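Undergrad: Read in order, the letters of the sequence shown correspond to residues 202 to 388 in the numbering used here.
Cβ coordinates follow ideal geometry from the N, Cα and C atoms, glycine included.
Computed from a predicted structure; not experimentally measured.
Here it is, the structure in full.
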Amino acid sequence: EWQNVTPSKGATRNIKTDSSGNVYALDGNAGLVKYNPDGVEVFKLALPVADKNDVCRGLWVDEFGCIYTGVAEGGPQTTARMWKYAQIMDDSGEPTFEQVWELEPGAYIEDLEVFRDTLVTVQNDPSRGQGRVRTYINLDDRSGPALKVDEQVGFPVWDVEVNNSGKIFISCPEPTARGATGTVGAT
């Protein structure tokens with residue numbers, strides 16, 4: 202067992218693990234840190250937020266070790282960003298992050314996960330009082346992923362989970378158009 206305080210000593214808003222047992226934590230408002238299975242810090246990254254008040258909460262690590270996160274609150278929602286980072290070795294042989302793409306969807310990204318090469322997100326648009334499920338494809342395209350599905354749901358939307366058959370479940374305080382269970386559909 203191990204326990205660490207993240208480098209910023211700020212809030213840790215989300216953590217994920219990968220298939221090798223590494224741990225990824227959102228550090229403070231907009232930082233990302235990776236620990237090996239023994240709790241040793243491997244590397245850290247300051248996410249390139251548009252506003253110093255931006256806060257990231259959603260985090261996903263896919264089966265290839267790519268990391269996805271996005272801004273969930275803070276500065277203007279119109280400049281809230283979402284990113285994909287790949288892990289590579291730098292010139293000295295040390296692991297580091299490389300930004301694959303950055304996207305400004307015009308809403309806050311509350312949560313996200315990857316399912317069968319599709320990025321499934323729940324996004325909030327406070328200016329319109331709308332929650333949305335948005336899915337993206339072409340995740341390896343360096344110019345950014347392509348929007349596949351954009352469906353309005355209850356507001357605010359807090360969490361997303363995709364089951365093994367591809368059905369998307371969300372949590373929000375309001376019933377959705379498809380019923381009170383929060384089931385939105387399949388990707």
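Measuring from the CB of I369, is there a heavy atom of the ligand NAD at a distance below 6 Å?
TA: Within the structure as shown, the ligand NAD is missing, as the structure has no ligands at all.
Undergrad: How big is the Cα-Cα spacing for F244 and Y309?
TA: One C-alpha to the other measures close to 26 Å.
Undergrad: With which residues is V234 paired in a DSSP beta bridge?
TA: In the DSSP output, where bridge partners are listed per residue, V234 has A226, K245.
Undergrad: Smallest Cα separation from V323: which of S220, P306, D239?
TA: Considering only alpha carbons, the answer is P306.
Undergrad: Give me, in chain order, the residues of the same chain whose beta-carbon lies closer than 8 Å to that of D239; leave out the 5 immediate sequence neighbours on both sides.
TA: Same-chain partners within the cutoff: W203.
Undergrad: Measuring only the C-alpha atoms, how far is D360 from M290?
TA: Going by the C-alpha atoms only, they are around 33 Å apart.
Undergrad: Is the beta carbon of G211 less than 7 Å from the beta carbon of G229?
TA: The answer is yes: Cβ separation under 7 Å.
Undergrad: Can you tell me which of the three DSSP states Q278 falls into?
TA: Helix, per DSSP.
Undergrad: How many whole angstroms separate the CB atoms of K349 and T319, which I take to be in contact at a CB cut-off of 8 Å?
TA: Right, their Cβ atoms sit about 7 Å apart.
Undergrad: Put E202 into one of helix, strand or coil per three-state DSSP.
TA: It is coil, neither helix nor strand.
Undergrad: Of the residues F298, T280, A273, D255, which one's Cα is nearest the Cα of V148?
TA: Residue 148 is absent from the structure shown; the chain starts at 202 and stops at 388.
Undergrad: Rounded to a whole number of angstroms, what is the C-alpha to C-alpha distance between V241 and Y225?
TA: When rounded, the distance between both Cα atoms is 12 Å.
Undergrad: Alpha carbon to alpha carbon, how far is S372 from V358?
TA: Roughly 6 Å separates the two Cα atoms.
Undergrad: Does the distance from the C-beta atom of L304 to that of C257 stay below 7 Å?
TA: No. Outside cutoff.
Undergrad: Excluding the 5 residues preceding and the 5 following G345 in the sequence, name in chain order all residues of the same chain whose CB lies nearer than 6 Å to its CB.
TA: Contacts found: W302, L304.
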